[in-house]
Amino acid sequence: RQARERGASRFCMGAAWRNPKERDFVHVLQMIEGVKALGLETCVTLGMLEAEQAKRLKDVGLDYYNHNLDTSPEFYGEIITTRTYQDRLDTLDHVRKAGINVCAGGIVGMGETVRDRAGLLIALANLPQHPESVPINMLVQVEGTPLYGSEAFDPLEFVRTIAVARIMMPKSFVRLSAGRNDMSDETQALCFFAGANSIFYGDKLLTTANPQAVKDRDLFERLGITPLDLTTEPAERNVADACEAANLQAGAAI
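What follows is the structure in structure tokens.
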């Protein structure tokens, strides 16, 4: 309810699972129904899915499923060993075939090369259908994790990544995700001007801090950015028109 009152159009729920177990999955289905009853779009990220699970999510009205590719196929093994790149592609295929919108992006600033960032975007753009939502995360360094102490990522490289994502996937929502709390207003502004037209909105983004809602609203006002009109039906929103009008889609995350 708080997310809706603050202007969010979608509520995102995440769990740190490799894949959902049935005892937990049934509760997620109930949560989706509860959020839909409030008039919000729903998105979940639960890890790998089987085709039958994707169908059950669709049956209760799930709008979006988030499952990131994270990085290029070539760099993937340097970062992740718990599942393969093909595992991720298979989950996205199950989601798409179930009729659920796809939210898939990646993380930059993990020590990858420019070629790896290009490889990530190529992999996303060459899916059978472009993801409806493409979240681009900047690594948030957490003490005690393997990448803590890595060289800070160049903000202009982040902006370039956003710009290329917009060119390659012109009708997708390119979403600023993790790492915004460490970005200056100027960097975020450049991202919006480069083609980002969506954010995660709310004080917490899974396990990392996110800019306070009041700070985001102030930035939007200063930049002349207008959030999407929530009185329109989700299926009637034209993404291309939203991009041209520099509108912004806000999704609340827990």
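Taking this note's numbering, I'd label the letters of the sequence shown as residues 13 to 266. Yeah, the Cβ is synthetic: ideal placement off N, Cα and C, and Gly gets one too.
Those residues which DSSP pairs with Ile-119 across a bridge:
Within the sequence shown, numbered from 1, the residue matching residue 119 stands at position 107. Among the bridge pairs identified by DSSP, Ile-119 is matched with Asn-149.
Counted within 10 angstroms of its Cβ, other Cβ atoms place Ile-112 as buried (16 or more) or exposed:
Within the sequence shown, the letter at position 100 stands for residue 112. Buried, because 16 or more other Cβ atoms sit within 10 Å of the Cβ of Ile-112.
If we call anything under 8 Å between Cβ atoms a contact, is Ser-145 one with Phe-204?
Counting from 1 along the sequence shown, the entry for residue 145 is found at position 133. Counting from 1 along the sequence shown, the entry for residue 204 is found at position 192. Not in contact: Ser-145 and Phe-204 (Cβ atoms no closer than 8 Å).
Cβ of Gly-118 within 8 Å of Cβ of Phe-165?
Translated into positions along the sequence shown, residue 118 becomes position 106. Translated into positions along the sequence shown, residue 165 becomes position 153. The answer is no: Cβ separation not under 8 Å.
Starting from Phe-37, follow the alpha helix (DSSP H) in both directions and report where the run begins and ends.
Taking the first residue of the sequence shown as position 1, residue 37 is located at position 25. Annotation: the continuous alpha helix (DSSP H) that includes Phe-37 extends over 34–49.
In whole angstroms, give me the CA-to-CA distance for Ala-201 and Glu-155.
Within the sequence shown, the letter at position 189 stands for residue 201. Within the sequence shown, the letter at position 143 stands for residue 155. In a straight line, the C-alpha of Ala-201 is about 28 Å away from that of Glu-155.
Does DSSP put Gly-156 in a helix, a strand or coil?
Here residue 156 refers to the residue found at position 144 when the sequence shown is read from its first residue. DSSP places Gly-156 in coil when its eight states are reduced to three.
Look at Gly-131 and Arg-178 and say whether their C-beta atoms are less than 8 Å apart.
Translated into positions along the sequence shown, residue 131 becomes position 119. Translated into positions along the sequence shown, residue 178 becomes position 166. No, Cβ-Cβ distance for Gly-131 and Arg-178 is not below 8 Å.
Coarse secondary structure for Thr-243, derived from DSSP in three states:
Numbered from its first residue, the sequence shown carries residue 243 at position 231. Reliability of the predicted coordinates at Thr-243 is poor, the pLDDT of 46 falling under 50, and no value is obtained from them.
Output yes or no for whether 8 Å exceeds the beta carbon distance between Tyr-77 and Cys-24.
Numbered from its first residue, the sequence shown carries residue 77 at position 65. Numbered from its first residue, the sequence shown carries residue 24 at position 12. At a Cβ-Cβ threshold of 8 Å, Tyr-77 and Cys-24 do not count as neighbours.
Could you tell me which residues DSSP puts in a beta bridge with Gly-89?
Reading the sequence shown from its first residue, position 77 is the one you call residue 89. Under DSSP, Gly-89 takes part in no beta bridge, so it has no partner.
Please give me, in chain order, every unbroken run of the alpha helix (DSSP H) with length at least 4 that falls completely inside the region 190–235.
You should have 197–206 and 225–235.
Relative to the C-alpha of Val-171, which candidate in Pro-182, Glu-198 and Gln-153 has its C-alpha closest?
The residue you call residue 171 lines up with position 159 of the sequence shown. Residue Glu-198 is the option with its Cα nearest to Val-171.
Just the C-alpha distance for His-142 and Pro-85, rounded to the nearest angstrom, thanks.
Indexing the sequence shown from 1 puts residue 142 at position 130. Indexing the sequence shown from 1 puts residue 85 at position 73. Their Cα atoms are separated by approximately 17 Å.
Suppose the cutoff is 7 Å on Cβ atoms and the five residues either side in sequence are ignored; what does the same chain contact list for Ile-91 look like?
As a first step, residue 91 is located in the sequence shown; it is residue number 79 there, counting from the start. The residues are Asp-82, Thr-83 and Met-122.
Skipping 5 residues on each side, what residues in its chain have a beta carbon closer than 7 Å to that of Asp-99?
For the purposes of this step, residue 99 is identified with residue 87 of the sequence shown, where counting begins at 1. Here the set comprises Met-60.
CB of Val-40 within 8 Å of CB of Leu-58, strictly
Taking the first residue of the sequence shown as 1, we reach residue 40 at position 28. Taking the first residue of the sequence shown as 1, we reach residue 58 at position 46. Taking 8 Å as the Cβ cut-off, Val-40 and Leu-58 qualify as a contacting pair.
With a threshold of 16 other CB atoms inside 10 Å of the CB of Gly-161, please say whether the residue is buried or exposed.
Counted from its first residue, the sequence shown places residue 161 at position 149. It counts as exposed.
Where the alpha helix (DSSP H) through Met-180 begins and ends
If you number the sequence shown from 1, residue 180 lands on position 168. Element bounds for Met-180: 167–180.
Residue nearest to Asp-36 in terms of C-alpha spacing, selected from Arg-18, Gln-65 and Gly-19
Against the sequence shown, residue 36 aligns to sequence position 24. Asp-36 has its Cα closest to that of Gln-65, out of Arg-18, Gln-65 and Gly-19.
What would DSSP say about Arg-282, mapped onto helix, strand or coil?
For residue 282 there is no data in the structure shown, the boundaries of the chain being 13 and 266.
Beta-ladder partner(s) of Leu-188, from DSSP
For the purposes of this step, residue 188 is taken as residue 176 along the sequence shown, with counting starting at 1. In DSSP, Leu-188 forms a bridge with Ile-148 and Ile-211.
With which residues is Asp-82 paired in a DSSP beta bridge?
Within the sequence shown, the letter at position 70 stands for residue 82. Asp-82 is bridged to Gly-118.
Status (buried if at least 16 other CB within 10 Å, exposed otherwise) for Ala-27
Numbered from 1 along the sequence shown, position 15 holds the residue referred to as residue 27. Ala-27 counts as exposed, since fewer than 16 other beta carbons sit within 10 angstroms of its beta carbon.
Mind reading off the beta-carbon distance from His-106 to Ala-135? Whole number of angstroms is fine, and I expect it under 8 Å.
As a first step, residue 106 is located in the sequence shown; it is residue number 94 there, counting from the start. As a first step, residue 135 is located in the sequence shown; it is residue number 123 there, counting from the start. Ala-135 and His-106 do not touch by the CB rule: their CB atoms are close to 17 Å apart, not below 8 Å.
Residue range of the unbroken beta strand (DSSP E) whose run includes Glu-53:
One-based indexing of the sequence shown puts residue 53 at position 41. If you look at Glu-53, you'll find it in the beta strand (DSSP E) that goes 53–57.
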